[in-house]
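What follows is a short report on a single structure.
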Amino acid sequence: MREKIVSLKVAPRGDPPPSATDVWQAQINARLSGIERLMRRLEWQVWALVCGATGLLGLEMLRHLAGR
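Heads up: the sequence shown at position 48 corresponds to 59 in this note's numbering, and the numbers run straight through without jumps.
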């Protein structure tokens, strides 16, 4: 192989510090994601209660129709 004709010196580039708005938005996003997670859990619990109540209502209707 041929040797390099030009040697480049690359200085390490550091990332600039985050601005205040980036930090603020990250905190807001973290809080909103926590609220969304809580709402998703609550939604599943409500659906479980609704399905359970509907099942019990259906069983009671069948029991009433059967004459017990």
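The beta-carbon is built from N, C-alpha and C at its ideal position, and this holds for glycine as well.
Judged by DSSP secondary structure, Ile16 falls outside any alpha helix (DSSP H); it is assigned neither H nor E. Boundaries cannot be given for Asp26, as no alpha helix (DSSP H) includes it and DSSP labels it neither H nor E. Here Gly63 carries a helix assignment [DSSP, helix/strand/coil].
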